[in-house]
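Asker:
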Amino acid sequence: MQKRLLAIAMSLTMTFSLLPLSAFAEPVDEAEKNKMEISVEPIDDRMTEMEIGKSSTETEQNKKLNMQIFNQKDFPEQTGTTATDGDVVTTSEELANRIQTATDGATIVLGEGTFKTVHNPSPRKSLTFVGAGPKTIWEIGDLKSNTAGESNGDYSFDGCGSITFKNMTLKSDDKDYRGFIRIGNTVADNCVLEGKTAFWGYQTATFKGCTFNAPEGDYALWDYSTKNMVFDDCTFNISGKGVNVYVESGEAEPRTVTMKDCTVKSSASNKAFLNIKNNTQAYDIILIGTNSVEGLTADQTTGSVLYQVEASKITSTQKPVKVQEQAADGTLETIYEVKLPAVAKVGNTEYSTLTDAFSALSAENHVLTLIDQTAWTYQNIYWQAGDQSGSADTLRAAVQAAHAVHSAENIQIICKPETEIADSAAHIDVTRNISIYANGADFTGDDLSIGTYQAPEKEITSVNIYDAKNLVVWGQPVEGRADVWNINFVDCVNDGWNFLMYRGAEKSPAKLNLTLTNCRATGYTDSTVHTTADGSIRIKGCSFADNCAPVNIAHKQSGVMEVVIDSSTFTKCGKVSTNNYFAPVRFVNNNENGTLKAIVTKTTFIDRIGTNGDILIGDGRIGKASYDVELLVQNTEAQVQFQTPGYYNGEGEAINPDYLATAEVSKDETMDSSLSEQFAVAKVGTEFYPSLAEAIAASDSATVILLKNVTENVTIPKAKTITLDLNGCTLSGGTIAGRAALTNHGTVVIRDSGSGGEIIREDNGTSGYYTIDNQGTMTIENGKVYNRTGPMPQGSSLIRNAGNQEAILNILGGEIRHDGFIAIKNDDYGILNIAGGTITTSGDTATHTASAVQNWSKATITGGTINGTIWTGTWSDNLPASSTVIDGENVTITGQIVVRKETSGGQKPSIELKNGNFDISAWNVASGENVDVTVSGGSFTAPVAPEYLADGLNFEAKDSNGIYTYH
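Residue 32 in the working numbering sits at position 41 of the sequence shown; the count goes up by one each step and never skips.
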């Protein structure tokens, strides 16, 4: 009995406490305002308790009421049981008992019938309720009472983390503020919602597959308590009003309403479905899939039947609204937006605060434009380092203040647009990553110092400068420190100032990586971009005018520097000076071990000044160190000059044209060359050499390609194997006494892959010397060998083979010609094989015969054309007998046959003509048994003396062409 009296007393107390403190009614039009306020305070570890009502008295009364409900003892103690599928709840009393005894996270199954939990104490746990379909009816609140205000709500799950309703009817009426008070998250799944509700999950409320049947002329739901509400595959049956998106006391962060694949059917055309009141709260509306609406009129402002917005302009009291459509890939597109007045613009996007605009600055969008000039309340330079920020009037002050925030790895500098920055003292030290968004500010020559006076904090440091005027980066590599500086200028303008100077410390391992993009430089009196370091430089879309040396790369370190100049313009650049190194673009490699590669593409040179061309490769000043530079020029019309030290004297006068190579490159040509190539005599593979001797010395089992006509006396040493490609060029031995153009002790193949390649001496009627002296193994494939010495007896042979040891000479083709003396002298121990080519000599006198082939050892002729005497002889008793064999269908010989023994003793010289075509003008053969001459076949223009014919030889008489044939 005592418990019953207490319960009755509590019920009376609760009833009186729920009487409204302020009258409330659903507004007839948009002008009516509700009188409720939402605030947040923690209640337990599951959710955030939200108090409703401006009146502190009402709040305290509600707290007392909640405490009274939570402290009731009429309910059984919790036992931790959970309902199963077969344990179906059929009455409200049974449901209340089951709620109290269920464990956190339990599922409770309800049968058909009507249930309510209003006035029950909250279990403070997460539960799921599963009904038997629409005939399972859950009444929300006390539908027999209308107390107005928050008291119309249902507190039976106050403070619960998550409550889920499935497969049932959730029944309300047309009264305001129905719903479940202070649940963290709610889910209604496959439910029918009858009437109007306002309170659902305070964090999230999800309606999936639900049907809303709104009261006549009223809303189906107020989005009043929920931060994130989702309607997924829901159907709304309404009569002019859909969902009222509204809260009286807003929060800083926008609330979100999501509609996915929903259907709206309205019997009246009153207004758009979502009625968004943004006078207290900002909203994000997300539309997914297909949301169809029947019977509603499109809003005149938004043009949509899905949503309308109360305030289309942001004021001090109105809040932003953003409506977005979500694509299948999850990306969002804004289709309608109410936003704060823009104060600044970055890229194509406007921002309502400078803070948001600052955050939007990036490498892609790096220009801030003020829309509202009064919005800039800082000094001229705003800085941010980590979570700290400030402003200053000078760049030095801003950079130093930002560096003082030691925990920040990156510094951001933002300048007031188009302002002039007060001048700072020289060399502002930078030791960490910094991005400067200058927005057109003029720094009047301030320079950022990299690495000279203070070491960077990390090995790699980036300096990004956007839209600055007259800002310079300056520094010096420090020996022993491997700094890497990434310097990026974008859309910058320097008038009378350089962009970058970073030079010194040749032994430093430091690297500089520079990009200069869409920048402009005019009028500086020295180099605009100058460095000696390793690294890379990319200059694109830039213009330089009235500057003596816009791009001046003097590479001094031992690593690699790569430079690309793309789509840029140089106008009236260069200089006339006694210190003659000026040019619009200059590339010099001062380190023998360093590599400098340059590309110039799609670039224009206009009205250059000076005598060093548009692109200068190498240093032509006397006494300077200048090594190889690789250059590619394409889609560019330019004069390219290659210079080596000694072209200019100390007064800047050009004194040696041999140290200059000039190329006029048209726009449709491509030059792919190098300093070494321009002055190279020969190359092996991709390496170029200033002399043929150096190329031969550097190669083995490789092809040495002659690149230009050269006068040298070269020797191929023993054990060296090469191919010498004349490549259409001439190797001349000059007229030096006792020096052949080519002396071979190794193995060499001579060929000409071009046209007109030759090996010569230039004796011109003097006694001269051999043009080729072969003391190894030589094969002549093609090309020409030529000389003109004096006539017998003072001349010299064109080619000598052997002499003191065995040597092999193979002639497969080419032209061998000697005007005045012996063409080929196969000397003692020589082995001569002739299979092709043309061998010609002239200069016979009355007393001396100029031989085409003079053989003192072993000679075999199987092909080719020989115009001149074939001489076979011996001269020493201590040497083997010489022999000449001529056997080949393609052999043609025009001249004398000479066979002689020069001493009384020794072996007999011999010659055998087996096959070939012979026009023998004379047989000069020693008489007696001192020589052997045998004709065993061939075609002759005159009969052969019988004593020379081999035994059993058949003879054919002279034919119609005058040919005598022996076989």
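The beta-carbon is built from N, C-alpha and C at its ideal position, and this holds for glycine as well. All figures in this text were calculated on a predicted structure; none of them were measured in a lab.
1) I'd like to know whether the C-beta atoms of N489 and Y515 end up nearer to each other than 9 Å.
2) Span of the alpha helix (DSSP H) holding E84?
3) Let me know if Y444 comes out buried or exposed under the rule of 16 or more other beta-carbons within 10 Å of its beta-carbon.
4) How about R612 and N571: do their beta carbons lie closer than 9 Å?
5) Should D754 and L733 be called a contact, given that it needs their Cβ atoms to be closer than 9 Å?
6) Is G140 helix, strand or coil by DSSP?
7) Around the C-beta of I451, are 16 or more other C-beta atoms found within 10 angstroms, so that it is buried, or is it exposed?
8) Taking the alpha carbon of E130 as the reference point, which residue from S117, S147 and E141 has its own alpha carbon closest?
9) Please classify Y193: does DSSP put it in a helix, a strand, or coil?
10) Would you say the beta carbon of S787 is closer than 8 Å to some non-hydrogen atom of the ligand MG?
11) Let's see if you can read the secondary structure: which residues bound the beta strand (DSSP E) around H809?
12) Have a look at L944, D223, T385 and R246 and flag the residue whose alpha-carbon is nearest the alpha-carbon of K199.
13) Find out if the Cβ-Cβ distance for the pair A850, T832 is shorter than 9 Å.
14) Could you compute how far the alpha carbon of N356 sits from the alpha carbon of N700?
15) When burial is assigned at 16 or more other CB atoms within 10 Å of the CB, is D133 buried or exposed?
16) Quick one: grab the DSSP three-state call for I987.
17) To the nearest whole angstrom, what separates the beta carbons of S787 and I751, a pair I think is in contact under 8 Å?
18) Using alpha carbons as the reference points, say which of S927, D942, I528 and A936 lies closest to H958.
19) Tell me, please, whether the segment 881 to 892 touches the segment 907 to 918 by the rule of three or more beta-carbon pairs shorter than 8 Å.
20) Between the segment 670 to 682 and the segment 636 to 648, are three or more C-beta pairs nearer than 8 Å?
21) Quick one, are the C-beta atoms of A335 and T360 less than 9 Å apart?
22) Are at least three pairs of beta-carbons, each pair with one atom in the segment 310 to 330 and one in the segment 266 to 274, less than 8 Å apart?
23) Cutting at 6 Å between CB atoms, please list the residues of its own chain near Q182, excluding the five before and the five after it.
24) With a threshold of 8 Å, are at least 3 pairs of Cβ atoms found where one atom belongs to the segment 279 to 286 and the other to the segment 339 to 352?
25) Pull up the distance between the alpha-carbon of D598 and that of G436, whole angstroms please.
26) So who's on the other strand from M552, going by DSSP bridges?
27) If I'm right that N711 touches G737 with Cβ under 8 Å, what's the distance once you round it to whole angstroms?
28) Considering Cα atoms alone, identify which of D486, I441 and V481 is closest to D474.
29) Identify the continuous beta strand (DSSP E) that holds R246 and give its terminal residues.
30) Does the Cβ of I154 have 16 or more other Cβ atoms within 10 Å, making it buried, or fewer, making it exposed?
31) How is E207 classed by DSSP in three states: helix, strand or coil?
32) Counting C-beta neighbours from all protein chains within 10 Å, is the total for F946 16 or more, i.e. buried, or is it exposed?
33) By how many angstroms is the C-alpha of W213 removed from the C-alpha of G96?
34) Any idea if A459 is buried or exposed, counting beta-carbon neighbours within 10 angstroms, 16 or more meaning buried?
35) Put A826 into one of helix, strand or coil per three-state DSSP.
36) Leaving out the 5 sequence neighbours to the left and right, which residues in its chain are closer than 8 Å to A74 when beta-carbon positions are compared?
Answerer: This is what the structure holds:
1) For N489 and Y515, yes; Cβs fall inside 9 Å.
2) Looking at the DSSP string, the run of the alpha helix (DSSP H) that includes E84 is S83 to T92.
3) So Y444 ends up on the exposed side.
4) Yes; because the gap between Cβ atoms is below 9 Å, this pair is in contact.
5) Going by C-beta atoms, D754 is not nearer than 9 Å to L733.
6) Taken through DSSP and simplified to helix, strand or coil, G140 comes out as helix.
7) By the beta-carbon neighbour count (other beta carbons within 10 angstroms, threshold 16), I451 is exposed.
8) Ranked by how close their Cα comes to the Cα of E130, the residues S117, S147 and E141 have S147 in first place.
9) Y193 falls in the coil class under three-state DSSP.
10) In terms of ligand content, the structure shown is empty, and the ligand MG therefore cannot be addressed.
11) It spans E806 to D810 - the beta strand (DSSP E) in which H809 sits, taken as one unbroken run.
12) Nearest neighbour of K199 by Cα position, chosen from L944, D223, T385 and R246, turns out to be D223.
13) Their beta carbons are not under 9 Å apart, which means A850 does not touch T832 by this criterion.
14) Cα to Cα, the separation comes out at about 57 Å.
15) By the neighbour-count rule (16 or more Cβ atoms within 10 Å), D133 is buried.
16) The chain is shown only over -8 to 958; residue 987 falls outside these bounds and no answer can be derived.
17) Not a contact, Cβ separation roughly 13 Å.
18) Of the listed residues, the one whose Cα sits closest to H958 is S927.
19) Contact holds: three or more Cβ-Cβ distances are below 8 Å.
20) The segment 670 to 682, when compared against the segment 636 to 648, does not touch it at the 8 Å Cβ threshold.
21) For A335 and T360, yes; Cβs fall inside 9 Å.
22) Cβ pair count under 8 Å is three or more, so yes.
23) Here residue 182 is Cys; the residue named in the question, Gln, does not match the sequence. Cβ within range, chain order: F156, M159, L161 and C201.
24) By the criterion of at least three beta-carbon pairs nearer than 8 Å, the segment 279 to 286 is not in contact with the segment 339 to 352.
25) G436 has its alpha-carbon roughly 28 Å from the corresponding atom of D598.
26) M552 pairs with G526 and L587.
27) The identity of residue 711 in the sequence shown is Lys, whereas the question assumes Asn. Cβ-Cβ separation between K711 and G737: approximately 4 Å, consistent with a contact (criterion under 8 Å).
28) Minimum Cα distance to D474 is reached at I441.
29) Start and end: R246 to K251.
30) By the 10 Å Cβ count, I154 comes out buried.
31) The DSSP-derived three-state label of E207 is coil.
32) With fewer than 16 Cβ atoms within 10 Å of its Cβ, F946 is classed as exposed.
33) Between G96 and W213, the alpha-carbon positions lie close to 28 Å from each other.
34) Flag for A459 reads buried.
35) Strand, per DSSP.
36) Residue confidence is low: A74 scores 45 on pLDDT, short of 50, so the model does not pin down where it sits. Its coordinate-derived value is still stated next. Here the set comprises V80, R89, A93, A97, T98, I99 and V100.
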